[in-house]
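Asker: Attaching a single structure in structure tokens format; questions to follow.
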Amino acid sequence: MYDTQILSRIAEVAEKKTSIPAYPESVQRVLSAVQQSSAYWDIVSQAEEPVPLTAEILNLLRQEGLIQVEEEMFFLTGEGVAFCKENHIRFSGVRACPFCEGRALDIQPYSDTLEAFEEIVKQRPPALQAYDQGFVTPRTTVARVAHMDFRGDLRGKALLILGDDDLVSVAAGISSLPSHICLIEVDSRLTSFVRSVSREYHLKIEVVEQDLRQPLPSFLLGRFDTFEMDPVESRKGFELFLQRGLGGLKGPRKAGYFGLTRLESSLDKWWDFQQVLLKNRAVITDIYPGFNQYALWDYHSQTRAARLAPVPQMPKNIWYTSYWFRIETLKGFQPTNVPFTEPKEVLYADEESSTT
Ligand code: SPD
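Take 244 as the starting number for the sequence shown in the working numbering and just add one per residue.
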């Protein structure tokens with residue numbers, strides 16, 4: 244008979260060490276992930292717990308003799324196998340649909356957009372850690388466009404994009420579907436790139452170079468049907484991005500789209516995000532797990548995630564993914580439009596973040 248208290252004990256110690264909420268289920272998820280894969284970054288990806296927590300849980304499971312590391316790969320020990328069997332902790336064997344990459348959307352009608360987009364992005368600027376950049380794959384960007392169109396939020400609609408290393412403005416422009424596209428972006432490399440692509444391909448993207456900590460300029464307030472963003476995931480960062488997105492919308496029953504990851508935000512933090520949405524009279528209509536797949540970024544070795552890794556491995560496959568949300572505003576929503584005055588650091592980093 245195995246001691247199931249071990250899961251609670253590990254969760255308790257991991258939470259104490261990382262200051263990230265941990266549950267016996269967090270430990271189970273890591274044990275299940277080790278059954279799916281032996282490579283560290285794949286385990287992190289599949290466990291879907293904040294990266295520092297997964298790293299700590301792996302360390303503790305190793306100390307408890309339930310997992311072992313051989314040539315930098317993770318395996319259950321004999322004791323670990325018996326423990327998982329006894330406690331019904333196992334990988335189901337079900338994987339996301341390879342055709343749609345788990346997005347439940349057919350992007351075939353956008354294949355011309357994808358083809359042109361893939362060509363254009365060959366010249367894109369590399370991701371900068373300073374702005375938490377790390378762009379999604381071209382298929383992901385085009386899938387975002389497809390999703391907005393699928394839900395009736397793109398065709399003939401005015402689209403506001405808040406920060407765009409993913410280049411959604413460009414893909415939406417190539418699709419020719421929106422009536423208007425406006426991008427607000429702080430990074431001058433990206434504003435120059437989008438301006439030049441827009442000129443060359445006649446995409447008519449309005450580009451405003453501005454830090455989102457500043458209020459939206461009045462000419463952008465209440466002008467849009469839809470907003471899109473991939474926000475930083477501190478609580479304050481999310482709220483700031485959301486305020487700017489909502490500020491751009493024309494009124495109730497307009498839509499917003501954004502990504503949230505479980506690798507830098509615990510479900511407890513998600514609860515806070517959802518409170519912010521509710522407070523702002525916005526309701527979640529769609530959530531797609533694993534929709535956003537992020538290409539590996541050059542600065543990986545300089546991240547906290549890399550420093551915390553129990554083995555000195557570099558990721559070989561895409562490991563960073565996020566859920567894709569659609570929200571709608573309801574009667575009574577009243578966004579604020581005030582400057583963000585707190586130190587910049589609180590926007591980017593908290594105890595759960597590890598790649599910013
Ligand atoms: N810093 C790594 C890349 C992360 C890109 N931003 C993801 C934010 C998700 N909301």
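Even glycine gets a Cβ: it sits at the ideal position worked out from N, Cα and C.
Keep in mind that this is a model prediction, so the values were computed, not measured.
Look at the alpha carbon of K328 and the alpha carbon of I286, and state the distance between them as a whole number of angstroms.
Answerer: Within the sequence shown, residue 328 is the residue found at index 85, counting from 1. Within the sequence shown, residue 286 is the residue found at index 43, counting from 1. Between K328 and I286, the C-alpha separation is close to 19 Å.
Asker: Give me the Cβ distance between C425 and L483, rounded to the nearest whole Å; I'm assuming they're in contact under 8 Å.
Answerer: Here residue 425 refers to the residue found at position 182 when the sequence shown is read from its first residue. Here residue 483 refers to the residue found at position 240 when the sequence shown is read from its first residue. 18 Å between Cβ atoms; not a contact.
Asker: Quick one: what's got a C-beta closer than 7 Å to A414's C-beta in the same chain, skipping five residues either side?
Answerer: Sequence index remark: in the sequence shown, residue 414 carries index 171 (1-based). Same-chain partners within the cutoff: T356, F360, T384, V385 and V388.
Asker: To which residues does DSSP link C230 through a beta bridge?
Answerer: Residue numbering for the chain in the displayed model covers 244 to 599; residue 230 lies beyond these limits and cannot be assessed.
Asker: For a test of the three-state rule: what should DSSP assign to I570, helix, strand or coil?
Answerer: Your numbering for residue 570 matches position 327 in the sequence shown. Strand.
Asker: Helix, strand or coil, according to DSSP, for M391 in the structure here?
Answerer: Looking up residue 391 in the sequence shown gives position 148. If DSSP states are grouped into helix, strand and coil, M391 belongs with the helices.
Asker: Is the Cβ-Cβ distance between V437 and S418 less than 8 Å?
Answerer: Looking up residue 437 in the sequence shown gives position 194. Looking up residue 418 in the sequence shown gives position 175. Not closer than 8 Å, so no.
Asker: Assign T247 to buried or exposed, taking buried as 16 or more other Cβ atoms, counted over all protein chains shown, within 10 Å of its Cβ.
Answerer: One-based indexing of the sequence shown puts residue 247 at position 4. T247 is exposed by the Cβ-count criterion.
Asker: Report the option in S477, W540, K493 and L492 whose CA atom is closest to the CA atom of V589.
Answerer: The count along the sequence shown starts at 1 and reaches residue 589 at position 346. For the residues S477, W540, K493 and L492, the minimum Cα distance to V589 belongs to S477.
Asker: In the structure shown, what three-state DSSP assignment does G490 receive?
Answerer: Residue numbering aside, residue 490 sits at position 247 when the sequence shown is read from its first letter. Helix at G490.
Asker: Note down, in chain order, each residue of its chain lying with its Cβ closer than 6 Å to the Cβ of D454, except the 5 sequence neighbours on either side.
Answerer: Numbered from 1 along the sequence shown, position 211 holds the residue referred to as residue 454. Within the same chain, D454 has close Cβ partners V429.
Asker: T528 to E571, Cα distance in whole Å?
Answerer: For the purposes of this step, residue 528 is taken as residue 285 along the sequence shown, with counting starting at 1. For the purposes of this step, residue 571 is taken as residue 328 along the sequence shown, with counting starting at 1. Cα-Cα distance, rounded: 7 Å.
Asker: Would R398 pass as a contact of A498 if the rule is Cβ separation under 8 Å?
Answerer: Taking the first residue of the sequence shown as 1, we reach residue 398 at position 155. Taking the first residue of the sequence shown as 1, we reach residue 498 at position 255. No, Cβ-Cβ distance for R398 and A498 is not below 8 Å.
Asker: Considering Cα atoms alone, identify which of E307, L510, D593 and K574 is closest to E291.
Answerer: For the purposes of this step, residue 291 is identified with residue 48 of the sequence shown, where counting begins at 1. That would be L510, whose Cα lies nearest to the Cα of E291.
Asker: Go through its chain and collect everything with a Cβ distance to A549's Cβ below 6 Å, but skip five positions before and after it.
Answerer: For the purposes of this step, residue 549 is taken as the residue at position 306 of the sequence shown. Cβ neighbours of A549 beyond the five flanking positions: H543.
Asker: Please determine, among L250, F378 and I310, the residue with the shortest C-alpha to C-alpha distance to A538.
Answerer: The sequence position of residue 538 within the sequence shown is 295, counting from 1. Ranking the options by Cα distance to A538, first place goes to F378.
Asker: Would you check if the distance between the CB atom of L573 and the CB atom of R505 is smaller than 8 Å?
Answerer: Locating residue 573 in the sequence shown gives position 330, counting from the first residue. Locating residue 505 in the sequence shown gives position 262, counting from the first residue. No.
Asker: Give the list of continuous beta strand (DSSP E) stretches no shorter than 3 residues that lie fully inside the stretch 324-400.
Answerer: Within the stretch 324-400, no complete beta strand (DSSP E) run reaches 3 residues.
Asker: Three Cβ pairs or more, each shorter than 8 Å: is that satisfied between the stretch 546-560 and the stretch 431-450?
Answerer: Verdict: no, contact absent.
Asker: Could you pull the start and end residues of the beta strand (DSSP E) that L503 belongs to?
Answerer: The sequence position of residue 503 within the sequence shown is 260, counting from 1. That run of the beta strand (DSSP E) goes A498 to L503.
Asker: Under 8 Å: do the stretch 457-472 and the stretch 483-493 share three or more Cβ pairs, one atom per stretch?
Answerer: These segments touch.
Asker: Could you tell me whether the Cβ atoms of F501 and D468 are closer together than 8 Å?
Answerer: Here residue 501 refers to the residue found at position 258 of the sequence shown. Here residue 468 refers to the residue found at position 225 of the sequence shown. Going by C-beta atoms, F501 is not nearer than 8 Å to D468.
Asker: With a threshold of 7 Å (Cβ to nearest heavy atom), would S441 be considered close to ligand 1?
Answerer: Counting from one through the sequence shown, the residue named residue 441 turns up at place 198. Because no heavy atom of ligand 1 lies under 7 Å away, the Cβ of S441 does not count as near it: no.
Asker: Which two residues bound the contiguous beta strand (DSSP E) that contains P293?
Answerer: Position 50 of the sequence shown, counting from 1, holds the residue named residue 293. Counting along the chain, P293 falls outside any beta strand (DSSP E), and DSSP gives it neither H nor E.
Asker: Measuring alpha carbon to alpha carbon, tell me which of K522, L503, T598 and P586 ends up nearest D541.
Answerer: Within the sequence shown, the letter at position 298 stands for residue 541. Residue T598 is the option with its Cα nearest to D541.
Asker: Could you check how far apart the C-beta atoms of L420 and D375 are, in whole angstroms? I think they sit under 8 Å.
Answerer: Position 177 of the sequence shown, counting from 1, holds the residue named residue 420. Position 132 of the sequence shown, counting from 1, holds the residue named residue 375. Rounded, the Cβ-Cβ distance is 28 Å, inconsistent with contact.
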